[in-house]
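A.B. asks:
Protein chains in written order, with the working numbering: chain A, 706 to 844; chain B, 74 to 472.
#1: Report buried or exposed for residue 457 of chain B, applying the criterion of at least 16 other Cβ atoms within 10 angstroms of its Cβ.
#2: Measure from the alpha carbon of residue 166 of chain B to the alpha carbon of each residue in B/129, B/155, B/189, then state which is nearest.
#3: For residue 248 of chain B, return the contacting residues in chain A, with the cut-off set at a CB-CB distance below 9 Å.
#4: Measuring alpha carbon to alpha carbon, tell me which residue in B/118, B/135, B/83 is nearest residue 330 of chain B.
#5: Are the segment 420-436 of chain B and the segment 345-359 of chain B touching, with three or more C-beta to C-beta distances below 8 Å?
#6: Rounded to a whole number of angstroms, what is the C-alpha to C-alpha distance between residue 776 of chain A and residue 833 of chain A?
#7: According to the Cβ coordinates, are residue 375 of chain B and residue 444 of chain B closer than 9 Å?
#8: So, helix, strand or coil for residue 709 of chain A, using DSSP?
#9: Buried or exposed: which applies to residue 243 of chain B, given that a residue is buried once 16 or more other Cβ atoms fall within 10 Å of its Cβ?
#10: By the criterion of Cβ-Cβ separation under 7 Å, what are the contact partners of residue 826 of chain A in chain B?
#11: Could you check how far apart the C-beta atoms of residue 358 of chain B and residue 106 of chain B are, in whole angstroms? I think they sit under 8 Å.
#12: Closest Cβ-Cβ distance between residue 901 of chain A and chain B: below 9 Å?
#13: Quick check: what's the CA-CA separation for residue 294 of chain B versus residue 755 of chain A?
#14: Under 9 Å between beta-carbons, which chain B residues line up against residue 733 of chain A? List them in chain order, please.
#15: Going by Cα to Cα distance, which pick from B/345, B/85, B/259, B/404 is closest to residue 307 of chain B?
#16: Between residue 342 of chain B and residue 336 of chain B, what straight-line distance do the alpha-carbon atoms span, to the nearest angstrom?
#17: Using the rule of at least 16 other Cβ atoms within 10 Å of the residue's Cβ for burial, across every protein chain shown, is residue 780 of chain A buried or exposed?
#18: Flag residue 205 of chain B as yes if its beta-carbon sits less than 9 Å from any beta-carbon of chain A, otherwise no.
#19: Name the chain A residues that come within less than 9 Å of residue 311 of chain B, Cβ to Cβ?
#20: Looking at C-beta atoms only, is the number of pairs between the segment 385-393 of chain B and the segment 360-371 of chain B that lie closer than 8 Å three or more?
#21: Are the C-beta of residue 817 of chain A and some C-beta of chain B separated by less than 9 Å?
#22: What number of angstroms, rounded off, separates the C-alpha of residue 370 of chain B from the C-alpha of residue 91 of chain B?
#23: Would you report the Cα separation of residue 126 of chain B and residue 825 of chain A, rounded to the nearest angstrom?
#24: Could you name the residues of the segment 174-193 of chain B whose beta carbon sits closer than 7 Å to any beta carbon of chain D, in the order they occur along the chain?
#25: So what does residue 110 of chain B bridge to, in DSSP terms?
#26: How about residue 255 of chain B and residue 211 of chain B: do their beta carbons lie closer than 9 Å?
#27: For residue 803 of chain A, which residues in chain B fall below 7 Å Cβ to Cβ?
#28: Can you tell me whether residue 417 of chain B is buried or exposed? The criterion is at least 16 other CB atoms within 10 Å of its CB, across all chains shown.
#29: Give a yes or no on whether 9 Å exceeds the smallest Cβ distance from residue 161 of chain B to chain A.
#30: At the level of alpha carbons, what is the spacing between residue 839 of chain A and residue 201 of chain B?
#31: Got a sec: is the Cβ-Cβ distance from residue 729 of chain A to anything in chain B below 9 Å?
#32: How about residue 750 of chain A: is its C-beta nearer than 9 Å to some C-beta of chain B?
#33: Is the segment 227-237 of chain B touching the segment 165-179 of chain B, taking contact as three or more C-beta pairs under 8 Å?
#34: Using a beta-carbon distance below 9 Å, is residue 130 of chain B in contact with chain A?
#35: Could you have a look at residue 258 of chain B and say whether DSSP puts it in helix, strand or coil?
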């Protein structure tokens, strides 16, 4: 999909080839995209577009919002709510998407409740009050 | 036995209570001032805590990245990752600037973090709304103190960014809210000039006869392409569990030829150097406030006692012991101090959240405040007691 700036038309295309050179810092790589149907007239050279690359679907796995993932003493994990108390559960994460969801490969079971947002850094002794909605000043 | 002090207070309780409240507001200001100082120190500490780093790698001969500008090459982190004891290393940039949004601009510290993988040092630790940065460009996470909302667009130098997440208490050492953007964008924001400046720079390079050589075609293009800015301000390092910070720091200093600060050293730089002048300024103000408060308490108790001089003379006339009279004045002084302290504590707690910068009221300050107030009241009552004991009993009838 290729969207030129300034108008809302989106153009579909395919990745033609991927340059075998990555940016040393961001590890971004250049990919060349070819349009399915050549737009007429062609966009001017140097025009910026926003590109989203569609990947093949993955198998269905539980997902959690990435905002719930924390790093504690070097271990990635989430805060599990068990009977109103907090327990840190290390997790193994899989693929993530652009909407901030990330697959959980191991560490959680379906139906587990995890902390998504918290006002402060949590500890196992933190007293929590669960709110289903965020208040206005944080929305 | 009846309480002389209690009876006397009941006799003119309005005067006593209002004096106490007035004194309380003064004590409240003093407590708040201490809170402002604690807040400044806490801002510096949360800056370090939130970065999630154990070591800061900065340009040699600088005390960066917070106290001094520091720029190091952005591929240095790879070498640092190979050092023993290093678990993670991530580039980071800091730039304090005015960030423009739809209603105006807000002073903020723009932090460039490595997007993508979760839990990298430098990334915001916990959010209060939204999500983490998932795209490598044009997304931002803002602190709620900036007043920005989810979905809002902000302009940072050349680019616009969409706010996708919100944090709380992510502030710079001067209390400015943080705005996190992807590293590449932040590098551009910090080092890339505006279009006119780039044009000028290219024109100057192209006009330089030393650089434009017909016998070396492509030299000018290569030069123009090399005018990029592969710098970051620091590399944040997280240690492996059990690794010794000083040892790893020494390794990086020796082999990567950069300056490295540990958490304690960084705190020393921030608290001891960066905010020391403003902290001393507030400390001076606090001392003066304390002296003024003490003087006012002393005067109030002294005048309250002088106002009762006839009554005291009567007490003496009927043979009341000096200890009882002194006890009455001391009890009243302490009572006044307690009322003042309570009012001050309540007032400070009430107005602290309305301050634009963080005000941290800590229990040990409050307890120290209470002790000082009671000590000052005791000292102040000494003057009044002396005056009372010198009263001639004859004054009661002499008038």
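Built from N, CA and C at the ideal position, the CB exists for glycine as well.
C.D. replies: Looking at the atomic coordinates:
#1: Buried.
#2: Considering only alpha carbons, the answer is B/129.
#3: By Cβ distance, chain A contributes nothing, its closest Cβ being about 18 Å from residue 248 of chain B, past 9 Å.
#4: Sorting B/118, B/135, B/83 by C-alpha distance to the C-alpha of residue 330 of chain B places B/135 at the top.
#5: Between the segment 420-436 of chain B and the segment 345-359 of chain B there are fewer than three C-beta pairs closer than 8 Å, too few to call the two in contact.
#6: One C-alpha to the other measures close to 19 Å.
#7: Not a contact, by the Cβ cut-off of 9 Å.
#8: Below a pLDDT of 50, predicted positions are generally treated as unreliable, and residue 709 of chain A, at 45, falls in that range; the measurement from the model is reported next regardless. Here residue 709 of chain A sits in strand by DSSP.
#9: Its Cβ being crowded by 16 or more others within 10 Å, residue 243 of chain B is buried.
#10: Correct list: 198, 199.
#11: Contact flag correct, Cβ pair sits at about 6 Å.
#12: Beyond the ends of chain A as shown, which are 706 and 844, falls residue 901 of chain A; an answer cannot be given.
#13: Roughly 27 Å separates the two Cα atoms.
#14: Those are 209, 257, listed as they occur along chain B.
#15: A check of alpha carbon separations from residue 307 of chain B across B/345, B/85, B/259, B/404 identifies B/259 as the nearest.
#16: Near 10 Å, if we compare the C-alpha coordinates of residue 336 of chain B and residue 342 of chain B.
#17: By the neighbour-count criterion, in which a residue is buried when 16 or more other Cβ atoms sit within 10 angstroms of its Cβ, residue 780 of chain A is exposed.
#18: Taking 9 Å as the threshold, the shortest C-beta distance from residue 205 of chain B to chain A falls below it.
#19: Per Cβ cutoff of 9 Å: 776, 779.
#20: Contact between the segment 385-393 of chain B and the segment 360-371 of chain B is absent, because fewer than three Cβ pairs lie under 8 Å.
#21: Not one chain B Cβ lies under 9 Å of residue 817 of chain A.
#22: For residue 370 of chain B and residue 91 of chain B, the distance between alpha carbons rounds to 13 Å.
#23: Near 18 Å, if we compare the C-alpha coordinates of residue 825 of chain A and residue 126 of chain B.
#24: Reference to chain D is not applicable here, since the protein chains of this structure are A and B.
#25: Under DSSP, residue 110 of chain B shares a beta bridge with no residue.
#26: Between residue 255 of chain B and residue 211 of chain B, the CB-CB gap stays under 9 Å.
#27: Those are 207, 208, listed as they occur along chain B.
#28: Burial call: buried.
#29: Answer yes: the Cβ-Cβ gap between residue 161 of chain B and chain A drops below 9 Å somewhere.
#30: Computed Cα separation, rounded: 8 Å.
#31: Yes, residue 729 of chain A counts as interfacial toward chain B.
#32: Closer than 9 Å: no.
#33: Yes: the two stretches touch, three or more of their Cβ pairs being nearer than 8 Å.
#34: The beta-carbon of residue 130 of chain B is placed no less than 9 Å from the nearest beta-carbon of chain A.
#35: DSSP, read as helix, strand or coil, puts residue 258 of chain B in helix.
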